[in-house]
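Read top to bottom, the protein sequences are chains A and B.
Convert by adding 107 to the 1-based position in the first sequence; the result is the number in our numbering.
Convert by adding 107 to the 1-based position in the second sequence; the result is the number in our numbering.
Virtual Cβ for every residue (Gly too), placed ideally from N, Cα, C.
In this text the structure is predicted, and so the values were computed from the model without any measurement.
There are 2 protein chains.
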Amino acid sequence: MIKQSVTAEDVARRAGVSRAVVSRALSNNGSISPATRERVLLVAKELGYQVNFLAQGLNRRRSHLIGVIVSRINDPFRSSLLDGLLGEIQRHGFQALVTEIRSEQELEDTLRHFAQFRVSGVIVTSGKPPEALVNECVQQQIPVVGINRQPDIPGVDYVCSDNAAGAALAAEQLVRGGCRRFGWLNNDNSTWAGRMRGEAFRLALDELGVDTARNLVTLLAPQEGYDGGMQAASAIKSPPEGIFCANAQLACGFLDGMRQQGKDAPQDFQLIGFDNTPQTAQYGYRLTTLNQNVAEISRLALMHLLERARDPLQPSRTSWVKVDLIHRHTSLPTT
Amino acid sequence: MIKQSVTAEDVARRAGVSRAVVSRALSNNGSISPATRERVLLVAKELGYQVNFLAQGLNRRRSHLIGVIVSRINDPFRSSLLDGLLGEIQRHGFQALVTEIRSEQELEDTLRHFAQFRVSGVIVTSGKPPEALVNECVQQQIPVVGINRQPDIPGVDYVCSDNAAGAALAAEQLVRGGCRRFGWLNNDNSTWAGRMRGEAFRLALDELGVDTARNLVTLLAPQEGYDGGMQAASAIKSPPEGIFCANAQLACGFLDGMRQQGKDAPQDFQLIGFDNTPQTAQYGYRLTTLNQNVAEISRLALMHLLERARDPLQPSRTSWVKVDLIHRHTSLPTT
DNA sequence: TTGAAAGCGTTACCAA
DNA sequence: TTGGTAACGCTTTCAA
């Protein structure tokens with residue numbers, strides 16, 4: 108019969124101390140003489156002792172898990188974001204519980220499951236959690252942070268790219284690049300971030316003196332992603348001079364769609380997309396884009412989580428992350 | 108003072124039964140009269156009772172967690188694979204513990220952490236776990252399955268795309284498409300799957316009567332990914348007629364690199380890449396590729412996990428997943 | 001069918 | 001500084 112696994116009891120016995128001392132030695136928590144500490148640690152290593160996280164979590168009412176809610180991680184921007192979050196989560200000594208959702212119902216179930224694992228925090232990168240459910244989390248002292256979500260639930264912290272500033276950069280670039288007629292490309296049923304970018308674009312153009320009622324048209328893609336952009340392009344006879352696009356996938360599809368018609372940027376139109384995905388930098392696209400600082404977004408998300416864990420009742424906070432214009436090939440140099 | 112959370116005890120009291128009965132009602136495990144079952148379930152719903160997974164796992168010595176080891180999920184193929192795995196894991200009622208590793212050391216630590224959470228299984232999509240460590244898992248009855256790894260550790264199951272068959276398809280396509288001189292493009296320090304594809308390509312050409320000693324050259328990219336492919340292209344004066352490439356990212360980079368020199372497929376050379384990533388299908392590339400069936404790979408991975416959980420001592424198995432040639436624009440029609 | 005009780009492996013409080 | 005002990009919340013014998 109094989110011993111299933113080494114427990115604190117085993118270590119205690121072998122080191123000639125009590126379980127309690129073992130716990131203290133390993134957790135640096137509670138007073139213990141340096142000598143015994145050394146000895147226990149040595150024995151623990153000898154025996155290959157590993158704390159049982161389930162037991163630890165049960166006792167502490169909190170696991171070292173952080174729940175992450177994502178969707179469609181095939182999308183390059185989303186996988187970049189997940190990448191950044193995983194790195195940050197691991198850097199802080201947590202493990203990521205990742206769930207991909209396909210509906211709001213799945214989001215609810217997931218949030219429950221996270222709670223059942225007594226996670227140390229939840230990061231929502233997709234969907235809109237119902238306020239009631241989030242309140243349950245808050246009541247259980249589980250910090251929740253939303254990324255690029257509309258900051259509207261009390262007790263939840265948010266990290267968002269500064270969409271408005273990004274849209275303004277795009278507007279300025281296009282105007283100074285000589286455009287007179289503008290287009291805003293987004294897909295139907297867009298996210299909050301997408302809609303926000305569109306509204307801010309209009310506003311920024313207004314302030315730059317553009318008569319947006321006349322000279323700004325909305326191009327609506329029938330679906331999201333590359334294919335949506337391509338379809339939007341095929342529905343157009345002659346593109347506006349300066350086009351701002353809600354995200355990179357849409358922009359790449361649109362550009363390819365126009366090329367199929369023999370039109371290209373920057374000669375026939377200028378194009379700026381949001382999200383600086385790797386693909387937009389490639390030779391075939393060299394798209395001017397707005398870069399979302401994924402590393403900074405991830406860093407702030409964890410920071411909010413940790414701070415709220417320390418003080419659960421503090422007021423909600425929203426961090427806006429600076430967005431940069433990456434000037435490439437699909438927009439003209441400003442004069 | 109707020110009640111932290113509803114426990115089985117609470118439900119038991121309210122339903123006028125014992126904790127044990129509550130457990131039976133919820134787990135469908137152990138005999139219980141339909142009437143009390145109904146009643147308990149009703150009360151549980153009323154009170155919003157949720158099983159504490161930490162306590163459950165501690166008692167059962169197994170959590171409903173499955174550990175997944177990944178790396179560089181920015182790569183479109185890898186994020187597709189992760190996507191498939193997450194779907195399959197959730198479909199079976201598990202939660203995914205995802206860790207991104209950057210070194211073999213991190214792999215070891217991760218494997219330990221997974222064990223500490225008493226995961227129901229581990230899926231390795233990157234790195235090469237040391238046999239000793241895997242044996243610890245095996246001893247703890249934790250099933251391990253490797254995806255596209257060299258199947259060489261006893262007690263571990265594997266799921267691999269049929270690289271050899273894929274390479275043979277590519278060879279045949281290129282030969283029948285009229286190529287006489289061939290190239291194999293891979294990056295330095297390639298994975299086992301990559302090397303295997305290269306060897307199989309040579310073998311297949313041999314069998315098709317090509318004098319590979321003379322007419323097959325190896326193009327070595329100095330790094331992986333798109334940039335590596337581009338660099339490989341820039342080191343070439345005149346490309347071989349038919350090029351097979353270890354993966355899609357490399358292939359896209361190579362194609363763009365050649366285009367930069369004014370050469371394009373299929374007129375100046377033919378190109379077939381492994382991994383049918385979304386990008387390869389796009390208008391700018393329309394690359395002929397070998398499709399890895401991610402859904403099937405994921406399905407089999409979970410199947411192996413579940414079967415080995417049932418019978419931990421069964422001999423290791425390796426499933427080879429069929430690969431399909433997607434004929435697109437970078438190879439000529441066969442005559 | 002039901003309930004009592006003994007774990008599962010930790011941690012934290014309280015005496016010593 | 002240490003050890004005993006009572007949780008943590010659940011599952012699973014074993015009797016009744």
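CB contact check: residue i to chain B, cutoff 9 Å
i                     : result
residue 161 (chain A) : yes
residue 366 (chain A) : yes
residue 67 (chain A)  : Because chain A here runs from 108 to 442, residue 67 (chain A) falls outside it and cannot be looked at.
residue 199 (chain A) : no
residue 190 (chain A) : yes
residue 369 (chain A) : no
residue 210 (chain A) : no
residue 187 (chain A) : yes
residue 445 (chain A) : No answer is possible for residue 445 (chain A): the residues shown for chain A start at 108 and end at 442.
residue 409 (chain A) : no
residue 377 (chain A) : no
residue 280 (chain A) : no
residue 290 (chain A) : no
residue 257 (chain A) : no
Environment of residue i [buried if 16+ CB atoms lie within 10 Å]
i                     : result
residue 437 (chain B) : buried
residue 189 (chain A) : buried
residue 159 (chain B) : buried
residue 136 (chain B) : exposed
residue 301 (chain B) : buried
residue 255 (chain B) : buried
residue 367 (chain A) : exposed
residue 200 (chain A) : exposed
residue 309 (chain A) : buried
residue 354 (chain B) : buried
residue 222 (chain B) : buried
residue 294 (chain A) : buried
residue 420 (chain A) : exposed
residue 445 (chain A) : The displayed coordinates of chain A run from 108 to 442. Any statement about residue 445 (chain A) would go beyond what the structure contains.
Other residues of its chain near residue i: CB distance less than 6 Å, five sequence neighbours each side excluded
i                     : result
residue 395 (chain A) : 379, 434, 435, 437, 438
residue 313 (chain B) : 319
residue 299 (chain A) : 257
residue 251 (chain B) : 229, 241, 244, 263
residue 332 (chain A) : 356
residue 260 (chain A) : 238, 241
residue 282 (chain A) : 315
Cβ-based neighbour list, residue i, same chain, cut-off 7 Å, excluding 5 preceding and 5 following
i                     : result
residue 125 (chain B) : 119
residue 427 (chain A) : 267, 269
residue 127 (chain B) : none
residue 322 (chain A) : 287, 288, 289
residue 150 (chain B) : 118, 121, 122
residue 109 (chain B) : A caution first: residue 109 (chain B) carries a pLDDT of 44, below 50, which makes its placement in the model too unreliable to give a value.
residue 329 (chain A) : 295, 335, 338
Below-9 Å beta-carbon distance, residue i vs any chain A residue
i                     : result
residue 363 (chain B) : yes
residue 294 (chain B) : no
residue 180 (chain B) : yes
residue 335 (chain B) : no
residue 183 (chain B) : yes
residue 359 (chain B) : yes
residue 317 (chain B) : no
residue 223 (chain B) : yes
residue 262 (chain B) : no
residue 220 (chain B) : yes
residue 165 (chain B) : yes
residue 170 (chain B) : yes
residue 338 (chain B) : no
residue 374 (chain B) : no
residue 380 (chain B) : no
residue 421 (chain B) : no
residue 412 (chain B) : no
Cβ-heavy atom distance, residue i to the ligand ATP, below 8 Å
i                     : result
residue 303 (chain A) : For the ligand ATP, the structure offers nothing, since it holds no ligand at all.
Closer than 8 Å between beta carbons: that is the criterion. Which residues of the stretch 384–401 of chain A meet it against chain B? Here the close residues are 385, 386, 389, 390, 391, 392.
As an exercise, report each continuous beta strand (DSSP E) stretch of at least 3 residues that is fully enclosed by the stretch 177–239 of chain A, in chain order. 202–207, 228–231
Taking any Cβ of chain B, which residues in the stretch 227–250 of chain A have a Cβ under 9 Å from it, in chain order? 243, 246, 247, 248
Interface positions of the stretch 139–163 of chain B facing chain A (Cβ-Cβ less than 7 Å), listed along the chain: 157, 158, 159, 160, 161, 162
Residues within the stretch 298–329 of chain A neighbouring chain B, beta-carbon criterion of under 8 Å: none
Any chance you could list the alpha helix (DSSP H) runs of at least 4 consecutive residues sitting entirely within the stretch 373–431 of chain A, in chain order? 385–388, 401–417
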